[in-house]
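Asks: First residue of the sequence shown? That's 612 in the numbering used here, and the numbers climb one at a time after it.
The structure that follows is given in the form of structure tokens.
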Amino acid sequence: MEQALYNTPLVEEHIALGAKMVGFGGWNMPLQYEGILAEWDHNRKTCSVFDCSHMGEFLIKGDAVKSGLDHIVTQTIADMPLKTCRYGMMLNARGGVIDDLIVYRKAADEWMIVVNAANIEKNARHFKANLTSAAQFTDISMAMAKLDAQGPLSRDVLMPLVPDIKKLKYYSFDEFMVLGQRCLISRTGYTGELGYEIYCAWDQARAIWQALLKDPRVKPTGLGARDVLRIEVCYPLYGHELDEHISPLQAGLGKFIDWNKDFIGRSPCEAHKAVGAGRALVCIVSDTRRSPRARHKTLNESGRM
């Protein structure tokens with residue numbers, strides 16, 4: 612018997628807007644509204660809003676080194692300035708990617724970790740198994756909603772709601788009052804455009820969503836366009852370009868490893884660095900509108916792979 616899908620706090624909004632809903636990472640999510648290509652084009656030109664409330668969020672309290680957090684993540688965490696974000700991965704002992712994630716430093720000893728929806732339970736087990744007794748771990752995924760405003764006009768769209776948003780630098784964040792409620796907003800995203808990610812209480816998401824869509828420059832955008840947008844800028848998606856059998860070096864993500872510290876999975880990664888990873892992730896531009904599917908063979912004009 613299949614497990615029922617989780618719903619985000621915006622499921623009724625999506626249905627009212629005529630979204631085509633699909634299962635993704637255990638969640639009932641909008642694939643498209645107007646159409647994937649129309650939504651992709653709109654994002655590149657103006658501003659889109661995405662419901663990303665399916666993503667996972669963990670709070671970890673404790674010193675970065677003493678808690679074991681710095682040993683879990685491939686990037687150094689201990690030297691992060693306050694109110695900044697850092698992309699990294701956590702690996703298994705074989706050097707495979709358990710998940711990619713973003714770390715938010717909220718205070719000297721407080722961190723928020725944002726992970727992929729399909730991996731929430733697996734990631735929670737990994738953190739609990741590898742954090743020390745000096746850490747306090749809390750899964751806040753089901754209490755926190757996430758809306759992404761992305762596109763070249765995203766700052767202009769948000770400023771009437773959050774005038775101070777203009778001060779945020781890339782991969783930084785702060786807390787702001789939005790419609791009378793405190794939210795965490797970061798200048799981050801998954802489209803390659805200027806963008807912001809808004810973390811708010813679960814029951815606050817609908818009001819923010821509706822406020823954003825009142826702006827005629829904003830359109831709701833689904834996972835289909837989001838996938839096209841991230842492929843264009845070569846951002847990996849877990850379960851496709853990343854999994855537990857692919858190392859960061861095989862995925863072309865070696866720059867997100869800090870070799871000046873120890874971390875889980877370091878030895879296999881060092882071997883890949885020294886003698887070669889044995890495989891590589893490459894980007895191919897097609898000369899047609901045909902879209903290759905997962906595990907399809909890719910041939911050149913001569914019929915060779």
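We put the CB at the ideal spot given by N, CA and C, even for glycine.
Bear in mind that the values here come from a model prediction, so they are computed numbers and not experimental data.
Measuring straight from C-alpha to C-alpha, what distance separates alanine 718 and alanine 689?
Replies: Spanning the two alpha carbons is a distance of roughly 11 Å.
Asks: Whose C-beta lies closer than 6 Å to the C-beta of valine 726 among residues of the same chain, with five residues either side of it excluded?
Replies: The residues are Gly667, Asp710, Leu712 and Asn734.
Asks: Below 8 Å on the Cβ atoms is my guess for leucine 758 versus aspartate 826; work out the distance and round it to an integer in Å.
Replies: No, leucine 758 and aspartate 826 are not in contact; Cβ-Cβ is about 13 Å, not under 8 Å.
Asks: For a test of the three-state rule: what should DSSP assign to proline 879, helix, strand or coil?
Replies: The answer is helix: DSSP assigns proline 879 an H, G or I state.
Asks: Provide the residue span of the alpha helix (DSSP H) that contains glutamate 786, from first to last.
Replies: Looking at the DSSP string, glutamate 786 is not in any alpha helix (DSSP H); the run it does join, the beta strand (DSSP E), is 784-789.
Asks: Does DSSP classify phenylalanine 635 as helix, strand or coil?
Replies: Note: phenylalanine 635 maps to strand in three-state DSSP.
Asks: I need the DSSP call for isoleucine 574, collapsed to helix, strand or coil.
Replies: Given that the chain is displayed from residue 612 to residue 916, the structure contains no residue 574 and the question cannot be resolved.
Asks: I need the boundaries of the beta strand (DSSP E) containing serine 765, first residue and last residue.
Replies: Premise fails: serine 765 lies in the alpha helix (DSSP H), 765-769, not in any beta strand (DSSP E).
Asks: In chain order, which beta strand (DSSP E) runs of at least 3 residues are fully inside the stretch 740-764?
Replies: Those beta strand (DSSP E) runs which fall completely within the stretch 740-764 and span 3+ residues are 747-750 and 755-761.
Asks: Taking threonine 743 and serine 678 to be in contact with their CB atoms under 8 Å, please state how far apart those CB atoms are, rounded to whole angstroms.
Replies: Yes, they are in contact, since the Cβ atoms of threonine 743 and serine 678 sit about 6 Å apart, within 8 Å.
Asks: Any idea which residues DSSP pairs glutamate 808 with across the strands?
Replies: Answer by DSSP bridge pairing, in chain order: Asp759 and Ser797.
Asks: So, serine 659 versus glutamine 761, is the Cβ gap smaller than 7 Å?
Replies: Cβ atoms of serine 659 and glutamine 761: closer than 7 Å.
Asks: Give me the DSSP bridge partner(s) of methionine 700.
Replies: Bridge partners of methionine 700: Asp711.
Asks: For asparagine 703 versus glutamate 855, is the C-beta distance shorter than 7 Å?
Replies: Contact: yes.
Asks: Nearest-angstrom Cα distance between alanine 745 and methionine 753?
Replies: One C-alpha to the other measures close to 25 Å.
Asks: Threshold first: 3 residues or longer. Then list the beta strand (DSSP E) segments lying entirely within the stretch 879-907, N to C.
Replies: Qualifying beta strand (DSSP E) stretches: none in this window.
Asks: Using only the alpha-carbon positions, how far apart do valine 789 and threonine 685 sit?
Replies: In a straight line, the C-alpha of valine 789 is about 34 Å away from that of threonine 685.
Asks: Could you check the C-alpha separation between glutamate 804 and leucine 764 for me, to the nearest Å?
Replies: Spanning the two alpha carbons is a distance of roughly 9 Å.
Asks: Under three-state DSSP, which class holds glutamine 792?
Replies: Residue state, collapsed to three classes: strand.
Asks: Please name the residue, chosen from Asn654, Arg736 and Gln614, that lies closest to valine 768 on a Cα-to-Cα basis.
Replies: For valine 768, the nearest C-alpha among the options comes from Asn654.
Asks: Would you call the CB atoms of lysine 694 and aspartate 785 closer than 7 Å?
Replies: Yes, they are a contact pair.
Asks: So what does DSSP say about phenylalanine 874, is it helix, strand or coil?
Replies: In this structure, phenylalanine 874 counts as coil in the three-state DSSP scheme.
Asks: Which residue comes first and which comes last in the beta strand (DSSP E) that contains valine 829?
Replies: Taken as a continuous stretch (DSSP letters only), the beta strand (DSSP E) holding valine 829 covers 829-831.
Asks: Between the Cα of valine 773 and those of Tyr846, Ser797 and Phe874, spot the shortest distance and give me the residue it belongs to.
Replies: For the residues Tyr846, Ser797 and Phe874, the minimum Cα distance to valine 773 belongs to Ser797.
Asks: Once you ignore the five residues that flank leucine 616 on each side, which residues in its own chain have a CB closer than 8 Å to its CB?
Replies: For leucine 616, where only same-chain residues beyond five positions count, the Cβ hits under 8 Å are Gly634, Gly637, Trp638 and Asn639.
Asks: Considering only C-alpha positions, which residue in the set Ala891, Arg890 and Gly865 is nearest to glutamate 881?
Replies: Among Ala891, Arg890 and Gly865, the Cα nearest to that of glutamate 881 is on Gly865.
Asks: Which residue from His737, Ala816, Gly833 and Leu795 puts its Cα closest to that of histidine 682?
Replies: Closest option to histidine 682, Cα to Cα, is His737.
Asks: Less than 7 Å between the C-beta atoms of tyrosine 810 and methionine 755, yes or no?
Replies: Their beta carbons are under 7 Å apart, which means tyrosine 810 touches methionine 755 by this criterion.
Asks: How about leucine 680 and proline 831: are their beta carbons less than 7 Å apart?
Replies: The answer is no: Cβ separation not under 7 Å.
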